[in-house]
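Undergrad: Residue numbers (the UniProt record's numbering), protein chains in the order written: chain S, 1 to 332; chain V, 1 to 332; chain C, 1 to 332; chain F, 1 to 332.
In this text, a Cβ means the ideal position worked out from N, Cα and C, and glycines have one as well.
Bear in mind that the values here come from a model prediction, so they are computed numbers and not experimental data.
(1) Using a 10 Å radius around the Cβ and a threshold of 16 neighbouring Cβ atoms, would you call residue 262(V) buried or exposed?
(2) DSSP on residue 69(C), reduced to helix/strand/coil?
(3) Can you give me, in chain order, the residues of the segment 190-201 of chain F that have a beta carbon less than 8 Å from any beta carbon in chain S?
(4) On the premise that residue 118(S) lies in contact with residue 328(F), defined as a C-beta separation below 8 Å, what is that separation, rounded to the nearest angstrom?
(5) Determine the chain C residues that contact residue 312(S) at a beta-carbon separation under 7 Å, and present them in chain order.
(6) Which value, in whole angstroms, describes the spacing of the CA atoms of residue 189(F) and residue 202(C)?
(7) Check the C-beta distance from residue 326(S) over to residue 254(F) and give it rounded, since I have them as a contact under 8 Å.
(8) Can you give the beta carbon distance from residue 149(V) to residue 307(C), rounded, assuming they're within the 8 Å contact cut?
(9) Measure how close the beta-carbons of residue 103(F) and residue 135(F) come, nearest whole angstrom, since I'm counting them as under 8 Å.
(10) When the distance is taken between beta carbons, is residue 131(F) closer than 8 Å to residue 113(F)?
(11) Report the residue from 25(V), 40(V), 248(V) whose alpha carbon sits nearest the alpha carbon of residue 62(V).
(12) Name the DSSP bridge partner or partners of residue 26(F)?
(13) Going by CA-CA distance only, name the one from 10(C), 101(C), 185(C), 259(C) that's closest to residue 227(F).
(14) Which first and last residues belong to the beta strand (DSSP E) in which residue 116(V) is found?
(15) Can you pull the chain F neighbours of residue 329(S), defined as C-beta to C-beta under 7 Å?
(16) At a CB-CB cut-off below 7 Å, which residues of chain V make contact with residue 219(C)?
(17) Give the range of the alpha helix (DSSP H) segment to which residue 131(C) is assigned.
(18) Using a Cβ-Cβ cutoff of less than 6 Å, which residues in the same chain neighbour residue 344(V) once the five nearest sequence positions on both sides are dropped?
(19) According to DSSP, is residue 150(S) helix, strand or coil?
(20) For a cutoff of 8 Å on Cβ pairs, would you count residue 88(S) as touching chain F?
(21) By the DSSP assignment, the beta strand (DSSP E) with residue 176(S) in it spans what residues?
(22) Look at the alpha carbon of residue 140(V) and the alpha carbon of residue 152(V), and state the distance between them as a whole number of angstroms.
(23) Any C-beta of chain S sitting closer than 8 Å to the C-beta of residue 307(F)?
(24) Give the straight-line distance between the Cα atoms of residue 207(F) and residue 169(C), rounded to the nearest whole angstrom.
(25) I'd like to know if residue 147(V) contacts chain S, where contact means its C-beta is closer than 8 Å to some C-beta of that chain.
(26) Name the residue from 96(S), 145(S), 291(S) whose alpha carbon lies nearest to the alpha carbon of residue 180(S).
(27) Opposite residue 46(S) in the DSSP bridges: which residues?
(28) Taking 8 Å as the CB-CB limit, is residue 10(F) close to chain S?
(29) Just curious, the alpha helix (DSSP H) that residue 255(V) is in, first and last residue?
(30) Nearest CA to the CA of residue 29(F): which residue from 75(F), 265(F), 218(F)?
(31) Can you confirm whether residue 245(V), when its beta carbon is compared against all beta carbons of chain C, has any partner nearer than 8 Å?
(32) Rounded to the nearest angstrom, what separates residue 86(S) and residue 224(V) at their Cα positions?
(33) Considering only C-alpha positions, which residue in the set 259(C), 126(C), 129(C), 107(C) is nearest to residue 137(C)?
(34) Under a CB-based cut-off of 8 Å, is residue 322(V) close to chain C?
(35) Sorry if obvious, but does the Cβ on residue 83(S) come closer than 7 Å to a heavy atom of the ligand HEM?
(36) Output the residue ranges of the alpha helix (DSSP H) runs that lie fully inside the segment 174-224 of chain F and measure 4 residues or longer, sorted by chain position.
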């Protein structure tokens, strides 16, 4: 079928490619004309702006947004104002699910369906397919089925859980009414933060397994290491992550990538350690807090990212200041 | 080759089966004679006790222990006292790696090699193979290679990380001197706790996505839910875990099992929620603490397990008592 | 001066008493007529409803709300609709500061000043005075100064930080524009949760100092206690909290109360351990999350309260289910 | 009475001064001869070394060690080897309580009593008195009573919890057999870390209350701030900590010090934010972990200190590397 795609970053561009490979026709637009022309050379139809894009689609039209969360709402309203009853507008980005709840209600009054799709798969989605979590009105989601089926992995080698007959085993799922797709994707990313942190903390402990070989200061500001003889290991992290990939309980796709990364550069020298967060981890915790659900692991993972960007600096200065004020402790 | 196996629980018995399928000869012993006779009918040689087992093995002998951590050290010393120089004793259980460091030094003086093998794979290892993290003297580990190679998955379908040529890509790895195997397995399990908790917390948040449909008390002891309209989703957890298996960033073997579990019984009615921990998570944190490595996610996961067994009860009573004493708050 | 007080629960009633002791005249109202008549016998002027209360106050009027957060906004709007330009409406309860930001803007257009006062001190405030964190327009806060000064502890024995000349050293502070008072009080309560949890966790560890005297199961589901000889203490928690009150670094008012509580009943038998939270801890974390500030201690304290009310039950069942599915582990 | 003091750092020297003010005679020794001569000018008897110190004390002798944890055990054994039955050796430093358990048993066989005293009060102890948590044999602790009573605050203005008649209300307590004193002090410091972190996190959130005034990037790597209008406060932290000192629930001695610190320098410019930990926080968590007691708040506080010293760097690089590998995310 035909689809308009607005936003041709890493995700949007690859999704267009995967759709065209499956035989769909894509009309594409982006603030950056080079992003458009690159895809035009691969078979897409370029559009100069929203009006142009809408004019190049047959009615009823389906337009997919793949934009940063901070601007999605504004663009969605611009497009909806130029759409007609029966058209479908899809937000496939990492927006707050509350926006989908609100915008869907707003657009529904004009007869326009708003569909929110949580899209996981990253830069590998072109090849592996994307895992799609979909929220929205039943009819609109049904209309989009050919697109969703093509973006998703489909009946991949791994096979579904035995007995599964719905689309979930092909990698896409209608999770519920507007907002449900982004809600599920939000929690997906919250979990992702937690899993990533679990690996990172564990590998950091393995890296420190040689602590007994270092000399430690014997002053009142330094905790002594009582049994250095138990910390004299020199662990090969690339090899360990590789062995875990085969038969262990913690095997995962993230581990596959991590093993490759450590094999390529065990010191991770090109990274500085300032870890971004793009919103979903925050919103996941807000949902946990509002509904009274404990989420200590997911929150620790998020707060570590904040701290990696030095947002804990003032708190740490305060701790040093308190230690000085009650105990005369100077910072080391 | 020939191997003695002591401890025929879920893990030990299946490992014997996998070894026999690969053509190895196993002499087996267990406190429970029925566990022994069951494996004898499958081709193993039964032994009445340690002395009998040692007498039925050709020298130099290799004996593998698969026992609860609390008794492994005692049994290891009993066996070692009846062994001869050149013999190899292996601990494949979930022991504290410090025991391996100590016992290896103790036995080395008698010419006996002590090898510690972290064994991951659970009840699925018979079929999938076990991921093996090995510590010990180079020669002894080399001698054990045929056994390790048979227990490990080998060149499974998943393939190693491109460029990998060592045994890690077949699922077993000599991690370092005595203790290194159990150290790596310890951290593996610490990570496992974190990953499990990440999924569990996230799914619990999804389960609470319908909180806006409930009526909430409007008293001073209850936090109000400001926007109930954003919490009216009824999420199908079995379907969601299934869709995440296909193309998402958080795909993993644990997720595969979880999807199946939720498909079989979405309410998990047969479980009460008292979560055991078997030691490695604790030791992982002790290593983190002693070496000064932050591990907030792994510690949160561990502490939650403690709390699931109500070990937080007195602390919670104290909190209620404080609230009463300063604010007159009665427990709801 | 004259003040109307609506909401005569534990906090509101005592505040009226403290104000009357200082010579102020209070017109009081509550849904419960007995709460009103009780204060009338102590010298307050009773009012049947909002209209009655407003009619009994001289203009410009000042009305203080001391109500559960869930209904404050609604009542505030009712009153404001009956007020006139120049009147002052004060919310002294535990409302979300965002409500104050919104309501103040809404009422300002009608010439009514909205003042938000965070009020700490609990049931002891009548005797000790209340610590007051105030947000609102400068003129209105200035008008309320006699009331604030009387509610606050004033120049109590403890004395201000040397060099302090403003009202903070008397226990009340104009923190900023509308919302600032409740924002500061919100964070105050977030800190309170953290401090309470720190004491509770520590005392729980002291209580478990006799763990080495218990027999522990030696199975694969139970982590062994390696050195029981180090856990044979029988600590008197009431005596310990008492000794900490004198000269230690962790002396505090909460500790004073805790020592008394434990002296009265060391087993805390009248409490069940279901710990309520009334909103501010949640909002503190939402502020932390939105502004990217790490708050792992405050979040742990909050999530523990959630878990004390068994909101972690489904997550824990999932963990047990995962353990069963990969390792055949039965719950103990 | 007479006391030998070894270790004249901040704590040891002030304790000698307080004891001399109470009329006790102190024989003092330190590796630094200037520390000795300074106290000699104030009335102490100087000693060149252990033998000299022991020779200047009447039998039975009492010697107090105030040394870094890393060397206390070694020095204790040196002194004990030169002592006689009936002598008392006291460790007042921040040693691991396990050392006291072990050393007390070792020295008891020679008739020497080992007493462990947890000493809280910091640089203020000289003036305020020290809170003392004591472990050791009943007779030896009784013998030391005059010294303990003089070091402790005694019947200070604050008064004991009503009904308290034992020494706890004067600031010293015999907590139990050898090790009990250091065990209780260990947990005291664990709690201290938690309380400090609660204040620090909360104040950091207050500091960020102006986040809505900053411009935020609108890219896929940055979480948007949905409601900047709620984050436009400019909070005076010195004033806020001052107001909390008067009547609030979170009043404490640490808060008193913090208010003074912020008044002196609101930016804390002389501190860098590398927060030391001296061991007790670590040991508190080890006790929690070994006895299965949840301590998420105390552990978060400890791990933050580790992270403040950049021990999380490798973990953070891993997180960035994972984000790059699955999503092509570049670090900002």
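TA: Straight from the coordinates:
(1) Within the second chain, numbered from 1, the residue matching residue 262(V) stands at position 262. With 16 or more Cβ atoms within 10 Å of its Cβ, residue 262(V) is classed as buried.
(2) Working through the third chain from its first residue, we reach residue 69(C) at position 69. Of the three classes helix, strand and coil, the one that applies to residue 69(C) here is helix, per DSSP.
(3) 196, 197, 199, 200, 201
(4) Within the fourth chain, numbered from 1, the residue matching residue 328(F) stands at position 328. Within the first chain, numbered from 1, the residue matching residue 118(S) stands at position 118. Actually they are not in contact, since the Cβ atoms of residue 328(F) and residue 118(S) sit about 18 Å apart, beyond 8 Å.
(5) Here residue 312(S) is taken as the residue at index 312 of the first chain, counted from 1. The contacting residues are 294.
(6) Counting from 1 along the fourth chain, the entry for residue 189(F) is found at position 189. Counting from 1 along the third chain, the entry for residue 202(C) is found at position 202. The alpha-carbon atoms of residue 189(F) and residue 202(C) are separated by roughly 9 Å.
(7) Counting from one through the first chain, the residue named residue 326(S) turns up at place 326. Counting from one through the fourth chain, the residue named residue 254(F) turns up at place 254. About 7 Å separates the two Cβ atoms, so the contact holds.
(8) Indexing the second chain from 1 puts residue 149(V) at position 149. Indexing the third chain from 1 puts residue 307(C) at position 307. Their Cβ separation, rounded to whole angstroms, is 45 Å, which puts residue 149(V) and residue 307(C) out of contact at 8 Å.
(9) Counting from 1 along the fourth chain, the entry for residue 103(F) is found at position 103. Counting from 1 along the fourth chain, the entry for residue 135(F) is found at position 135. Actually they do not touch by this definition, with Cβ atoms about 11 Å apart.
(10) To locate residue 113(F), count along the fourth chain from 1; it is residue 113. To locate residue 131(F), count along the fourth chain from 1; it is residue 131. No. Outside cutoff.
(11) Taking the second chain and counting its residues from 1, the one referred to as residue 62(V) is at position 62. Ranking the options by Cα distance to residue 62(V), first place goes to 25(V).
(12) Taking the first residue of the fourth chain as position 1, residue 26(F) is located at position 26. For residue 26(F), which the question treats as bridged, DSSP gives the partners 3(F).
(13) What you label residue 227(F) is simply residue 227 of the fourth chain in a count that begins at 1. It is 101(C) whose Cα lies nearest to the Cα of residue 227(F).
(14) Start at 1 with the first residue of the second chain, and residue 116(V) comes out as number 116. That run of the beta strand (DSSP E) goes 113-120.
(15) Here residue 329(S) refers to the residue found at position 329 when the first chain is read from its first residue. 276, listed in chain order.
(16) The count along the third chain starts at 1 and reaches residue 219(C) at position 219. Here the neighbours are 68.
(17) The sequence position of residue 131(C) within the third chain is 131, counting from 1. Element bounds for residue 131(C): not the alpha helix (DSSP H) but the beta strand (DSSP E), 131-135.
(18) Only positions 1 to 332 of chain V appear in the structure, and residue 344(V) is not among them; the question remains open.
(19) Position 150 of the first chain, counted from the start, is the residue given in the question as residue 150(S). Correct three-state label for residue 150(S): helix.
(20) Locating residue 88(S) in the first chain gives position 88, counting from the first residue. Not closer than 8 Å to any Cβ of chain F, the Cβ of residue 88(S) fails to qualify, so no.
(21) What you label residue 176(S) is simply residue 176 of the first chain in a count that begins at 1. First-last of the beta strand (DSSP E) with residue 176(S): 172-176.
(22) In the second chain, the residue the question calls residue 140(V) occupies position 140. In the second chain, the residue the question calls residue 152(V) occupies position 152. C-alpha separation (whole angstroms): 17 Å.
(23) Taking the fourth chain and counting its residues from 1, one reaches residue 307(F) at position 307. It does: the Cβ of residue 307(F) has a partner Cβ on chain S nearer than 8 Å.
(24) One-based indexing of the fourth chain puts residue 207(F) at position 207. One-based indexing of the third chain puts residue 169(C) at position 169. Computed Cα separation, rounded: 21 Å.
(25) Working through the second chain from its first residue, we reach residue 147(V) at position 147. False, the Cβ-Cβ gap to chain S never drops below 8 Å.
(26) Along the first chain, read from residue 1 onward, the residue named residue 180(S) stands at position 180. That would be 96(S), whose Cα lies nearest to the Cα of residue 180(S).
(27) As a working note, residue 46(S) is residue 46 in the first chain. According to DSSP, which records beta bridges pairwise, residue 46(S) is partnered with 28(S).
(28) Counted from its first residue, the fourth chain places residue 10(F) at position 10. For residue 10(F), the answer is yes, since a Cβ of chain S falls inside 8 Å of its Cβ.
(29) In the second chain, the residue the question calls residue 255(V) occupies position 255. Segment 253-264, the alpha helix (DSSP H) holding residue 255(V).
(30) As a working note, residue 29(F) is residue 29 in the fourth chain. When each option's Cα is compared against that of residue 29(F), the closest is 75(F).
(31) Taking the second chain and counting its residues from 1, the one referred to as residue 245(V) is at position 245. No, no contact with chain C.
(32) On the first chain, residue 86(S) is found 86 positions in, with the first residue counted as 1. On the second chain, residue 224(V) is found 224 positions in, with the first residue counted as 1. Between residue 86(S) and residue 224(V), the C-alpha separation is close to 38 Å.
(33) By 1-based counting over the third chain, the position of residue 137(C) is 137. Residue 107(C) is the option with its Cα nearest to residue 137(C).
(34) Here residue 322(V) is taken as the residue at index 322 of the second chain, counted from 1. So, interface residue.
(35) As for the ligand HEM, it is missing from this structure, which has no ligand bound.
(36) 180-207
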